[in-house]
Amino acid sequence: MTACRLRAASPTRHDLLLPGRVSFGIVQRNQQRYPVITSPVVIPRDQHTISRADISPNALKVLYRLRSAGFQAHLVGGGVRDLLLGREPKDFDVATDALPEQVKDVFRNCRLVGRRFRLAHVQFGREIIEVATFRAGQDGDEVPEHQTDEGMLLRDNVYGTIEQDALRRDFSVNALYYNIEDFSIIDYANGVEDLKNGVLRLLGDPETRYREDPVRMLRAARFAAKLGFRIDDDTAAPIAQLASLLREVPPARLFEETLKLFLAGTAVSCFEKLRQYGLFAHLFPDTEVCLSRLEHEFPLTLVLKGLENTDARVREDKPVTPAFLFAVMMWEPVRQGTEALQAHGIAPLQAIQQSAAEVISRQLAFVALPRRFSAPMQEIWTLQPRF
Numbered sequence: 594m595t596a597c598r599l600r601a602a603s604p605t606r607h608d609l610l611l612p613g614r615v616s617f618g619i620v621q622r623n624q625q626r627y628p629v630i631t632s633p634v635v636i637p638r639d640q641h642t643i644s645r646a647d648i649s650p651n652a653l654k655v656l657y658r659l660r661s662a663g664f665q666a667h668l669v670g671g672g673v674r675d676l677l678l679g680r681e682p683k684d685f686d687v688a689t690d691a692l693p694e695q696v697k698d699v700f701r702n703c704r705l706v707g708r709r710f711r712l713a714h715v716q717f718g719r720e721i722i723e724v725a726t727f728r729a730g731q732d733g734d735e736v737p738e739h740q741t742d743e744g745m746l747l748r749d750n751v752y753g754t755i756e757q758d759a760l761r762r763d764f765s766v767n768a769l770y771y772n773i774e775d776f777s778i779i780d781y782a783n784g785v786e787d788l789k790n791g792v793l794r795l796l797g798d799p800e801t802r803y804r805e806d807p808v809r810m811l812r813a814a815r816f817a818a819k820l821g822f823r824i825d826d827d828t829a830a831p832i833a834q835l836a837s838l839l840r841e842v843p844p845a846r847l848f849e850e851t852l853k854l855f856l857a858g859t860a861v862s863c864f865e866k867l868r869q870y871g872l873f874a875h876l877f878p879d880t881e882v883c884l885s886r887l888e889h890e891f892p893l894t895l896v897l898k899g900l901e902n903t904d905a906r907v908r909e910d911k912p913v914t915p916a917f918l919f920a921v922m923m924w925e926p927v928r929q930g931t932e933a934l935q936a937h938g939i940a941p942l943q944a945i946q947q948s949a950a951e952v953i954s955r956q957l958a959f960v961a962l963p964r965r966f967s968a969p970m971q972e973i974w975t976l977q978p979r980f
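Position in the sequence shown (first residue = 1) + 593 = our numbering.
Below is the structure:
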């Protein structure tokens, strides 16, 4: 794991000096105690190693132009987190008090996206800098909500202050803001301390946050795998019980989340964490049934080999295709279905085609598979040896 890059009197990871600690109040929820931010820690430029040279020039343009127009503007989230860990950020996001329409007025190369909550995408060639207005919306007392029959909380997004924006973020390590005005880092949730300790901690009451958005459970597994972090005990505790809420998430969204899980170079680790916390069964139920029956035999070996191959290709900057990955992931249900059909006298080619169609049809209820991927998956399966 890469150490958090803070300047300190001592070079060792555990002796990093911080300029203080976040001041917390306490609220009581579900017989547990969860911190509420009362004042942040501000880490000055000389006590961290983020440099403007590490930040996308286009992100800097957005930050400076918003500041010049009289708005607050901060680099936020994963970009700040990754820079502190010595990693190269995949993208840079900006948070501001400017409304989306005001951002659009500042940038001609901007378009607004989203329906429930508008985001501004400022485009520089192939690079897009996403600009979001500060949002409120963690506390049920502040934001209108209703609950589905399955227990998923639905809330409307509203604009808020930077403090409210920090509270509504998912994990403490993502609630870090880089202030372009004085180059400081504003830590609203003890995120720097968690970075230093390699801990992934959800902000607020974990059960409530997962009910608000069940995809946060997948994000916990993904970030823990990506960063090599340990999931905080309170953050991990409700996952197995609430994993079934993933069925409330649109399959198209779960398809996108699955790509993030398995095509980012940490597929093996993500797979292991998904199974550890009971999440995999709600993404690939047919595959999970096969794996649980034959835990240490061929199906698991094949899936792991496919994931290892995918990780290797990502590391080598080679192209990867979801069709191959999904074909490997779902092969065992297809194979077993083919054998069952052949046992009833159906010809091999017809059996594998029928089994493939049935497995894909069931899978679509959980994770969507666009035709551009499901068609080559079926071709891959029909090329396998006959049974």
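From the three backbone atoms N, C-alpha and C, an ideal C-beta is built for every residue, glycine too.
Which residues bound the alpha helix (DSSP H) around residue i?
i: N902; result: 891-908
i: Q971; result: 964-975
i: Q716; result: Segment 712-717 is the beta strand (DSSP E) holding Q716; no alpha helix (DSSP H) there.
i: V882; result: 878-886
i: V921; result: 915-936
i: I953; result: 941-956
Note down the Cα distance separating residue i from residue j, rounded to an integer number of angstroms.
i: A830; j: E841; result: 20 Å
i: N772; j: L788; result: 19 Å
i: R906; j: Q947; result: 32 Å
i: N902; j: T931; result: 26 Å
i: D879; j: V952; result: 8 Å
i: Q977; j: Q935; result: 15 Å
i: A817; j: G938; result: 47 Å
i: A986; j: I643; result: There is no way to answer for residue 986, as the model of the chain reaches only from 594 to 980.
i: E774; j: G718; result: 26 Å
i: A950; j: R708; result: 34 Å
i: V655; j: S661; result: 10 Å
i: F959; j: F877; result: 7 Å
i: M923; j: R908; result: 24 Å
i: V893; j: V927; result: Going by the sequence as given, residue 893 is Leu instead of Val. Distance between the alpha carbons of L893 and V927 is about 15 Å.
i: G797; j: A725; result: 21 Å
i: R965; j: Q716; result: 27 Å
i: T801; j: I973; result: 42 Å
i: R886; j: A836; result: 21 Å
Between residue i and the rest of its own chain, which residues show a CB-CB distance below 7 Å, the 5 nearest in sequence each way excluded?
i: T828; result: L793, R794, L795, P799, A813
Just tell me which of the options has its CA closest to the CA of residue i.
i: Q971; options: S954, F664, D698; result: S954
i: L957; options: H875, L893, P892; result: H875
i: Q834; options: Q929, Y770, F848, Y870; result: Y870
i: H641; options: L884, L769, R660; result: L769
i: L854; options: S885, V751, D825, D904; result: D904
i: A713; options: L678, C883, P693, R701; result: P693
Taking the beta strand (DSSP E) that residue i belongs to, which residues open and close that run?
i: R704; result: 703-706
i: I721; result: 720-726
i: T689; result: 686-689
i: I832; result: First-last for I832: 832-835, but that is the alpha helix (DSSP H), not the beta strand (DSSP E).
i: A666; result: 666-669
i: L795; result: Looking at the DSSP string, L795 is not in any beta strand (DSSP E), and its letter there is neither H nor E.
i: N772; result: 769-772
i: D775; result: First-last for D775: undefined, no H or E at that position.
Please work out which residues of its chain come closer than 6 Å, Cβ to Cβ, to residue i, disregarding the five sequence neighbours upstream and downstream, and give them in chain order.
i: G753; result: F727, R728, A729
i: D647; result: L676
i: G613; result: Residue confidence is low: G613 scores 39 on pLDDT, short of 50, so the model does not pin down where it sits. No coordinate-derived value is stated.
i: V766; result: R674, G784, D787, L788
i: A961; result: P844, A845, F848
i: F664; result: T689, D690, A691
i: A944; result: T931, L934, Q935
i: L867; result: A814, F873
i: G899; result: V921
i: L918; result: F855, T903
Using a Cβ-Cβ cut-off of 8 Å (strictly less than) and excluding sequence neighbours within five positions of residue i, which residues of its own chain qualify?
i: G791; result: M594, L820, G821, F822, R823
i: L852; result: P915
| message | Quick check: the region 633-645 against the region 766-783, are at least 3 beta-carbon pairs closer than 8 Å? | response | yes
| message | Can you confirm whether the region 907-917 touches the region 863-880 when touching is taken to mean that 3 or more C-beta pairs between the two stretches lie within less than 8 Å? | response | no
| Three-pair Cβ contact test at 8 Å for the region 678-693 versus the region 648-656 | yes
| task | Kindly confirm or deny that the region 755-769 and the region 663-671 touch, where touching means at least three C-beta pairs closer than 8 Å. | result | yes
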